[in-house]
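Heads up, the thing below is written out as structure tokens.
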Amino acid sequence: VVHEAGFMSHDVGGPYRDMLSNMTAEVQSHVLQLFIPCPNARNHTGNNQDGMVPLPIRNETPHQLREKFKMYTFLGKIMGLAIRSLSYLDLRLTSVVWKPLVMDTVDPSDVESINRGSFGEIESLAKLENKTNPKDQKSLDAFNQACKHIKFEIIGSDGVKVSLTRGGASKHVTWANKQEYIDLVMTHRLNEFKRQANAIRRGLAVVVPYQCLSTFTWMDLQDQVCGRASIDISLLKQMTVYHGYYQPDRKSRNEVKCGPTSPHIKLFWNMVENKMDNKQRSDLIFFVWGRARLPLNSKGFGKVRFAIKTHVASQGKGKDPNKYFPVAHTCFFHLDLPEYTDPKAMYEKFLYAMSNCKYIDGDNTAHAREIARMR
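Going by my numbering, the first residue of the sequence shown is number 17, and it counts up by one from there.
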């Protein structure tokens with residue numbers, strides 16, 4: 017049983033999804049020191065600029081390692097839960113983690129995708145080797161001189177220098193030992209996260225048997241655990257229903273049933289499709305549903321539908337709907353949408369709501385009451 021301190025909300029699914037989202041965020045934060053941004057993310061270059069990798073194992077004590085592997089194993093169990101319950105996790109892990117989970121082989125392209133230039137020294141050695149005549153001593157001396165700055169150590173994914181062999185910091189690459197160096201670099205790069213991934217896999221297999229895992233590609237597994245990062249607007253529209261009535265003429269009491277052709281509904285979809293980027297669409301889904309990604313297809317929604325409903329508080333003579341904020345009912349995937357007439361006001365109100373109401377706030381606090389008055 018999970019007790020969320022200070023929460024006064026009733027769990028009809030929303031607090032549960034909120035708990036999983038908080039857990040996922042914490043796992044990828046610096047607090048637990050399980051994952052770190054990959055080198056490409058830290059250097060803002062190449063692929064996976066938002067990707068995460070396990071924190072490399074360095075000088076942990078046996079006790080620290082046991083505790084860390086317990087947490088990786090628990091994460092694997094949560095991944096299995098996500099697959100079984102279609103409760104997707106917003107994990108930004110890369111192929112160097114996903115591939116070992118399905119017993120696929122990590123290759124150099126996977127390493128390059130998280131650490132651009134990680135095989136730079138090997139490439140330099142290959143160029144030098146092509147220019148060297150092994151039968152000419154002067155050519156060999158030139159090779160050894162050119163490699164004098166290359167030692168048996170590399171920079172790990174956490175930015176820390178790692179010796180590839182005992183005394184690697186003082187051992188230089190020569191013609192005689194170049195292949196040893198290349199083999200050690202390749203082994204380290206391709207297996208840097210192997211132990212952490214194995215611990216995650218052990219936990220995952222508690223929920224999803226090894227035999228089943230072997231039927232997935234790494235991308236299939238990623239989709240099953242995380243959903244797709246790109247928000248499928250056409251799928252979201254397909255799974256949307258409309259409730260309530262709107263007032264086309266606010267000076268009268270005439271009401272018309274809401275639907276996809278209602279002016280404020282059309283403004284909403286135009287904003288989602290043309291004004292928001294994918295990150296903002298993901299924030300919108302989180303705001304309304306407590307999860308950042310959609311199911312893979314219509315079947316994954318089950319009986320749940322995205323319901324756009326009347327925003328009753330903004331209706332009535334003399335009220336300006338452009339001054340009201342949207343209201344989300346996270347447990348039910350419902351959105352109370354004011355009858356906006358100004359696209360700019362709608363966009364600004366949604367951005368504020370998505371940025372400042374990221375978590376379910378049922379707390380009986382002055383701040384919560386103040387927010388409630390703004391709805």
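Beta carbons: idealized from backbone N, C-alpha and C, even for Gly.
By the three-class DSSP mapping on this structure, what secondary structure does residue i have?
i: residue 343; result: strand
i: residue 1; result: Residue 1 lies beyond the range of the chain shown here (17 to 391); nothing can be said about it.
i: residue 232; result: coil
i: residue 194; result: helix
i: residue 178; result: strand
i: residue 204; result: helix
Starting from residue i, trace the beta strand (DSSP E) in both directions and tell me its first and last residue.
i: residue 171; result: 169 to 171
What residue from the options has the CA that sits closest to residue i's CA?
i: residue 55; options: 49, 63, 309; result: 63
i: residue 151; options: 178, 192, 227; result: 192
i: residue 182; options: 168, 121, 298, 276; result: 168
i: residue 43; options: 34, 76, 107, 93; result: 107
i: residue 248; options: 88, 141, 275, 288; result: 288
i: residue 250; options: 212, 297, 66; result: 297
i: residue 323; options: 147, 346, 365, 215; result: 346
i: residue 34; options: 238, 252, 103; result: 103
i: residue 227; options: 46, 114, 119; result: 119
i: residue 317; options: 325, 256, 354; result: 256
i: residue 371; options: 159, 67, 342, 238; result: 342
i: residue 91; options: 53, 39, 69, 127; result: 39
i: residue 308; options: 332, 178, 163, 244; result: 244
i: residue 304; options: 67, 196, 65, 321; result: 321
i: residue 45; options: 68, 199, 36, 60; result: 68
i: residue 310; options: 240, 198, 184, 128; result: 240
Between which two residues does the alpha helix (DSSP H) harbouring residue i extend?
i: residue 326; result: Note, residue 326: premise wrong, no alpha helix (DSSP H); beta strand (DSSP E) at 322 to 326.
i: residue 210; result: 210 to 223
i: residue 333; result: Segment: none, residue 333 is in no alpha helix (DSSP H) and carries neither H nor E.
i: residue 372; result: 359 to 372
If you measure from the CB of residue i, is any heavy atom of the ligand MN nearer than 8 angstroms?
i: residue 373; result: Questions concerning the ligand MN fall outside what the structure shown contains, since it holds no ligand whatsoever.
Any beta-carbon of chain B closer than 9 angstroms to the one on residue i?
i: residue 222; result: Looking at the structure shown, chain B is missing, and only one protein chain is on hand.
Which runs of the alpha helix (DSSP H) at least 4 residues long sit entirely within the region 49 to 89? Give them in chain order.
Those alpha helix (DSSP H) runs which fall completely within the region 49 to 89 and span 4+ residues are 55 to 59.
Could I get the ranges of all uninterrupted alpha helix (DSSP H) runs contained in the region 242 to 315, with 4 residues as the minimum, in chain order?
If you keep only unbroken alpha helix (DSSP H) runs of at least 4 residues inside the region 242 to 315, you get 249 to 254, 279 to 286, 294 to 305.
Segments assigned beta strand (DSSP E), at least 3 residues, entirely inside the region 92 to 171
Contiguous beta strand (DSSP E) elements confined to the region 92 to 171 occur at 169 to 171, taking only those with 3 or more residues.
Is it a yes or a no for the region 75 to 88 touching the region 212 to 219, going by three-plus beta-carbon pairs under 8 angstroms?
Yes: at least three Cβ pairs fall under 8 angstroms.
Per the contact definition of three or more C-beta pairs closer than 8 angstroms, is the region 218 to 228 in contact with the region 70 to 77?
No, because fewer than three Cβ pairs between the region 70 to 77 and the region 218 to 228 fall closer than 8 angstroms, the two stretches do not touch.
I'd like to know if the region 276 to 296 and the region 356 to 373 are in contact, where contact means that at least 3 CB-CB pairs between them fall below 8 angstroms.
With the cut-off at 8 angstroms, the region 276 to 296 and the region 356 to 373 touch.
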